[in-house]
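Notes follow once the structure below has been shown.
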């Protein structure tokens, strides 16, 4: 029995939700090369750092980043407790359904809504809020919980990498405590392997009941160049594999690619209007333009979702 | 043969450099309690986060933080390449051996020396500098390399915790890239488990040769309240064990202690002038005053180095 076990394990085909196409083949070749002891491409387990963007790479990001949808729902839920929000013209417009005025405030208005719903409370309280929303909210198109709108092929890729000794990290523009509210349960990525945008937090002694309070001041914007910067600051090691889907991932891919030895750079290309969404550029969410040009020029792996993925979501039929 | 192996492993007494005193007993009891499945105190492996201060907790910190000694040596080494340093009165005084003027500049002068030696270069270049220094510099009292002035009992404690499923982190006021230059080789703590003070870094595209440049702007001062703040931001989970040696570790210990369930809070008390150093308060380096009072009041473990440690450094005779 024991002698049969390794054979059986090996026989289980990895990445079943991927079609036998160029992306799957590139992934498997890469992993086999860097894990083969004695080969020129071998990478010791301690250095097998894999980084993944989240929005649009591990789960969907349309019609808007799910965290933004959370912020709007939270804004509605919390408004009765915050009469002072009416003193701000932008927030007042949103409260009164004046979409035109609110839309005119642009990114500034969005940041205000994120600010008032995400800060001024402890990390623990914020994560309880995020979990309550994730447990009840439904996506406007699929009517599924957001945590089910994760990509089955990417879940399999994360598991396949971990089975091959990789440490899988999320490196996303999303706020870090929001992602940690579901990353461990959904992606099997523990909180300490989630890197994101951060607000300045402050420790308060509270006479023996210490708390860490989230302030509205941005500490780190984890997008674009902010991604390799946080990788260097927090991981302290250059990844050997990076996966993204938009121009916000370009610098992370460049930083990974510029390391010595074999590296894998991947992009999810949203080409599947029927099963997910189809967009690249121009797109207000997840714009993929410069990174696509560089991927083609440098022979990075571009995953054509409509062709390479046998299933998109876990709830899709086999 | 195989049947004997586990017995043999188990029989190896943990923590041989610790005397059979209250500290060793408290550590072993804690670890046995939180790792015993089914017990009320059981902590799942994923939540076994242990955090350690570095200076004065894992290695010595007298007559000054070793990183400060590195900064002064680097200042001397690099000065010929930086004629512009003479334009700064404080740096000029140091260059010309005018100790009185330099000393009068206080902490500001120290920060200037750290700034000019630690920033303006890439992380990789900085770590190469740190490694070169660590490979050649000798401690003024012992004449040993600094990386040998680590505490044998703490090396054993780190290994003992890891063998029991803990993830061991360094959470120190030292600059993070400096600590990463030796933490993996000396403590077996990988770069991604080293948290420290950080400078703002900037990603530069460099026309296809991307680099991350260290700027002199402080990003995070990882001392005092900065420790639980970075634990929350980077680890995202409250530790179950924390070890420090000074008032700069107080908030980290408080934050750990305030968690639910069994926790371990420890302080190294430097009581050993013969084998290491003896100091607590007042002390310009590693002041231990408020944290000692709170440790006594809250029954945290205070390690009396002279009594509890059979050996201090790995090079001490058995």
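Protein chains in written order, with the working numbering: chain A, 13 to 330; chain B, 13 to 330.
Just so it is clear, CB atoms sit at the ideal spot from N, CA and C, and this is done for glycine as well.
Assignment of residue 226/B by DSSP, reduced to helix, strand and coil, places it in the strand class.
Looking at 143/A, 290/A, 297/A, the one whose alpha-carbon comes closest to that of residue 185/A is 297/A. Comparing alpha carbon positions, the residue from 311/B, 316/B, 200/B, 138/B closest to residue 290/B is 316/B. For residue 267/B, the C-beta contacts it makes with chain A under 8 Å involve 215, 222, 224, in order along the chain.
A residue is called buried once 16 or more other Cβ atoms fall within 10 Å of its Cβ, and residue 327/A, having fewer, is exposed. For residue 283/B, the CB contacts under 7 Å within the same chain, skipping 5 residues up- and downstream, are 290, 316, 317, 318 in chain order. The beta-bridge partner set that DSSP reports for residue 67/A consists of 71/A.
Annotated as distal: residue 174/B and residue 248/A, with beta-carbon spacing of 8 Å or more.
Here residue 151/A has 158, 161 as same chain residues with Cβ atoms under 7 Å from its own Cβ, once five neighbours each way along the sequence are excluded. The stretch 91-105 of chain A and the stretch 115-126 of chain A touch, with no fewer than 3 CB-CB distances between them shorter than 8 Å. Counting along the chain, residue 58/A sits inside no alpha helix (DSSP H), nor does DSSP assign it H or E at all.
Only those residues of the stretch 190-204 of chain A whose C-beta falls short of 7 Å from the nearest C-beta of chain B are listed: 192, 202, 203, 204. Relative to residue 234/A, the option among 242/A, 263/A, 95/A whose CA is nearest is 242/A. Of the candidates 199/B, 63/B, 41/B, 26/B, 63/B places its Cα closest to the Cα of residue 269/B.
Taken through DSSP and simplified to helix, strand or coil, residue 156/A comes out as coil. Contact holds between the stretch 126-142 of chain B and the stretch 78-92 of chain B, because three or more Cβ pairs, one in each stretch, are under 8 Å apart. When 8 Å is used as the limit between beta carbons, residue 188/A is near these residues of chain B: 245, 248, in chain order.
In the structure shown, the three-state DSSP call for residue 277/B is strand. Counting only the Cα atoms, residue 287/B lies some 48 Å from residue 254/A.
As DSSP reads the structure, residue 256/A sits in a beta bridge with 279/A.
The beta carbon of residue 274/B lies closer than 8 Å to those of 42, 45, 46, 53, 55, 252 in the same chain, with the five residues before and after it left out. In the DSSP annotation of this structure, residue 261/A is not part of any beta strand (DSSP E), being labelled neither H nor E. Taking a beta-carbon distance threshold of 8 Å, residue 47/B does not count as an interface residue toward chain A. Residue contact check for residue 69/B against chain A: no CB pair falls below 8 Å.
No Cβ-Cβ contact shorter than 8 Å links residue 38/A with residue 164/A. Annotation: Cβ neighbours of residue 240/B in chain A (cutoff 8 Å, chain order): 215, 222, 224. For the stretch 141-158 of chain A, the set of positions with a beta-carbon nearer than 9 Å to some beta-carbon of chain B is empty. Taking 7 Å as the cut-off between beta carbons, the residues of the stretch 55-87 of chain B near chain A are 58, in sequence order. Taking all protein chains shown into account, residue 305/A has fewer than 16 neighbouring C-beta atoms within 10 Å of its C-beta and is therefore exposed.
When the beta-carbon positions are compared, residue 60/A and residue 177/A come within less than 8 Å of each other.
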